[in-house]
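For the sequence shown, numbering that gives the first Met the number 0 assigns the number 0 to the initial residue and increments by one for each residue that follows.
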Amino acid sequence: MINVSKLYSGLAGQSDHLRYDKSGSLGPVVVYNCTARCNLRCLHCYSASDSARRDAEFTTAQAKKLLADLVEVNAPVVLFSGGEPLLRPDLFELLAEAKQLGLRTVLSTNGTLIDEPAAAKFKSAGVSYVGISIDGTEPFHNRFRQNTDAFQATIKGVRNCQKTGIRTGLRFTITKSNASQIPHLFDVAAEHGIRRLCFYHLIRSGRATKIEGEILTTQQTRDAIDTIIQKTDEFVRKSLVDEVLTVGNHADGPYLLLKLQDGDSKDAVRRTHDARQLLIANGGNRIGEGITCVDWKGDVHPDQFWRNYSLGNVTQKNFKQIWTNNDEPVLVKLRNKSKCADKRCLKCRWFDLCKGNYRFLGPDPDVKNWLLEPSCYLTNAEIGL
Numbered sequence: 000m001i002n003v004s005k006l007y008s009g010l011a012g013q014s015d016h017l018r019y020d021k022s023g024s025l026g027p028v029v030v031y032n033c034t035a036r037c038n039l040r041c042l043h044c045y046s047a048s049d050s051a052r053r054d055a056e057f058t059t060a061q062a063k064k065l066l067a068d069l070v071e072v073n074a075p076v077v078l079f080s081g082g083e084p085l086l087r088p089d090l091f092e093l094l095a096e097a098k099q100l101g102l103r104t105v106l107s108t109n110g111t112l113i114d115e116p117a118a119a120k121f122k123s124a125g126v127s128y129v130g131i132s133i134d135g136t137e138p139f140h141n142r143f144r145q146n147t148d149a150f151q152a153t154i155k156g157v158r159n160c161q162k163t164g165i166r167t168g169l170r171f172t173i174t175k176s177n178a179s180q181i182p183h184l185f186d187v188a189a190e191h192g193i194r195r196l197c198f199y200h201l202i203r204s205g206r207a208t209k210i211e212g213e214i215l216t217t218q219q220t221r222d223a224i225d226t227i228i229q230k231t232d233e234f235v236r237k238s239l240v241d242e243v244l245t246v247g248n249h250a251d252g253p254y255l256l257l258k259l260q261d262g263d264s265k266d267a268v269r270r271t272h273d274a275r276q277l278l279i280a281n282g283g284n285r286i287g288e289g290i291t292c293v294d295w296k297g298d299v300h301p302d303q304f305w306r307n308y309s310l311g312n313v314t315q316k317n318f319k320q321i322w323t324n325n326d327e328p329v330l331v332k333l334r335n336k337s338k339c340a341d342k343r344c345l346k347c348r349w350f351d352l353c354k355g356n357y358r359f360l361g362p363d364p365d366v367k368n369w370l371l372e373p374s375c376y377l378t379n380a381e382i383g384l
């Protein structure tokens with residue numbers, strides 16, 4: 000995650016102690032895709048979830064064991080996702096178990112199923128944050144999520160969370176069709192008193208592999224990030240946001256530094272220096288290091304978007320054994336990117352701040368098949384070539 004409001008506008012974020020931790024004592028942030036089922040059928044869904052999915056899922060006992068295993072590796076956050084996590088019947092029981100174990104939990108949801116009782120249960124279970132997805136204006140959102148009532152149901156879910164006092168934010172995946180609607184998301188946030196916004200770069204996984212026409216060009220990506228920067232700075236000055244982040248493309252970090260360097264004042268120099276130090280502390284792309292994913296079957300993945308390769312299954316080995324396996328070939332590569340990164344990346348002056356966006360889209364995890372996914376949008380001149 001790249002914290003635009005912190006790096007560009009200097010606004011402290013509530014998760015800074017995790018994002019810029021230098022102690023080395025924290026384990027990975029764990030995305031737990033607890034179900035493959037979903038009541039919507041979003042065109043860009045990375046897990047290809049829908050109401051027809053009948054994949055085998057963890058039993059309650061197996062899920063509780065996973066949570067206990069995550070305590071053992073000092074996971075700072077467990078993000079319950081899906082599919083739609085509210086379709087898992089024992090969700091509230093698992094959240095209560097996580098609270099008892101001392102795990103911090105957050106939720107990623109489409110929001111449509113969050114009625115007042117559900118929101119109250121989230122609060123009781125100690126859920127610290129609920130991220131709810133909106134894709135743009137109401138007509139676009141409903142069309143993209145293939146449900147004519149999705150937008151209004153989502154807004155109701157937001158309001159129900161807010162009534163309980165749970166910190167609630169919006170998630171927006173940037174596509175070619177909705178990039179122009181980025182300002183609209185800021186407007187929705189201001190209208191409903193939502194103070195955290197998270198913008199995801201589109202990654203070709205799940206159903207997103209079938210919408211190639213939605214991948215932004217290099218210039219469209221730059222324009223989208225420029226809009227996010229401009230709107231973030233505006234909203235910070237008006238005290239309308241607490242945190243604005245981008246997710247999925249670590250080129251955003253160097254790009255922010257380049258935008259900060261446009262000024263030659265002492266303040267611009269100081270802000271650039273401060274932002275650079277934070278990016279160094281953040282460590283760039285930490286797939287397979289600072290973040291991982293466990294799916295509904297128990298397979299462990301380098302992150303939630305890298306779904307075509309399993310590091311191991313927690314029904315056969317406990318999570319710590321899988322995570323600390325120094326002989327696992329993909330983990331070895333991910334944790335030693337300076338030895339196997341893309342040649343252009345290795346020549347980039349920003350490499351230590353970014354580390355590239357390494358994933359592979361085919362069945363063979365050999366490094367020769369890894370791609371920059373999503374692509375870098377910096378020019379050769381900007382990266383020092």
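Heads up, the beta-carbon is just placed ideally off N, CA and C, and yes, glycines get one too. For clarity, every value in this text was computed on a predicted model and none was experimentally measured.
Setting aside the 5 residues that flank it on each side, ILE202 is surrounded in the same chain by TYR45, GLY247, PHE304, GLU372, PRO373, each with a C-beta closer than 7 Å to its C-beta; the list follows chain order. Contact between TRP322 and CYS33 is ruled out by a C-beta separation of about 19 Å, above the 8 Å threshold. Burial state of GLY212 is exposed, judged by a 10 Å Cβ sphere holding fewer than 16 other Cβ atoms. Remark: three or more beta-carbon pairs, one from each stretch, lie closer than 8 Å, so the region 56-68 and the region 308-318 are flagged as touching. In the DSSP assignment, TRP322 falls within the alpha helix (DSSP H) that extends over 318-322. Closest in alpha carbon position to LEU239, among MET0, ILE1, SER8, is SER8.
Restricted to the region 223-296, the beta strand (DSSP E) segments that are unbroken, complete and at least 3 residues in length are 242-246, 290-293, listed in chain order.
Within 10 angstroms of the beta-carbon of ASN141 lie 16 or more other beta-carbons, which makes it buried. Remark: C-beta atoms of CYS160 and ILE181 do not approach each other more closely than 9 Å.
Under the three-state reduction of DSSP, CYS33 is assigned to coil, being neither helix nor strand. For LEU370, the secondary structure class from DSSP, reduced to helix, strand or coil, is strand.
With contacts defined by Cβ atoms closer than 9 Å, LEU370 and LYS209 do not form a contacting pair.
In this chain, the beta strand (DSSP E) harbouring HIS200 covers 195-200. CA-CA distance, SER24 to CYS344, rounds to 28 Å.
Annotation: VAL72 is outside any alpha helix (DSSP H) and is labelled neither H nor E by DSSP.
Your pair GLY110 and CYS37 does not check out as a contact, with CB atoms roughly 12 Å apart and the cut at 8 Å.
Counting only runs that start and end inside the region 149-213, the beta strand (DSSP E) elements of at least 3 residues fall at 167-173, 195-200. Under the DSSP assignment, VAL3 falls in the alpha helix (DSSP H) whose first and last residues are 3-6. In the three-state reduction of the DSSP assignment, HIS140 falls in the helix class.
In this structure, the straight-line span from the alpha carbon of GLY205 to that of THR167 is close to 26 Å.
Taking all protein chains in view, the Cβ of ASP186 is surrounded by fewer than 16 other Cβ atoms within 10 Å, so the residue is classified as exposed. Contact check for VAL105 against LEU78 passes: the beta carbons are separated by less than 9 Å. With respect to the C-alpha of THR153, the residue from LEU278, ASP134, VAL3 having the closest C-alpha is ASP134.
Assignment of beta-bridge partners to THR104 by DSSP yields VAL77.
Of the candidates ALA250, SER176, LEU333, the residue whose Cα lies closest to the Cα of CYS375 is ALA250. Between the region 111-127 and the region 88-99 there are three or more C-beta pairs closer than 8 Å, enough to call the two in contact. In the three-state reduction of the DSSP assignment, SER337 falls in the helix class, which pools H, G and I. Ranked by Cα distance from LYS5, the options PHE91, ARG270, ARG221, ILE286 are led by ARG270.
In the structure shown, SER132 falls within a strand segment according to DSSP collapsed to helix, strand and coil. Residues of the same chain with their beta carbon placed closer than 6 Å to that of ASP261 are lacking, with the five preceding and five following residues left out of the count. By the Cβ-count criterion, HIS300 is buried, with 16 or more other Cβ atoms from all chains shown falling within 10 Å of its own Cβ.
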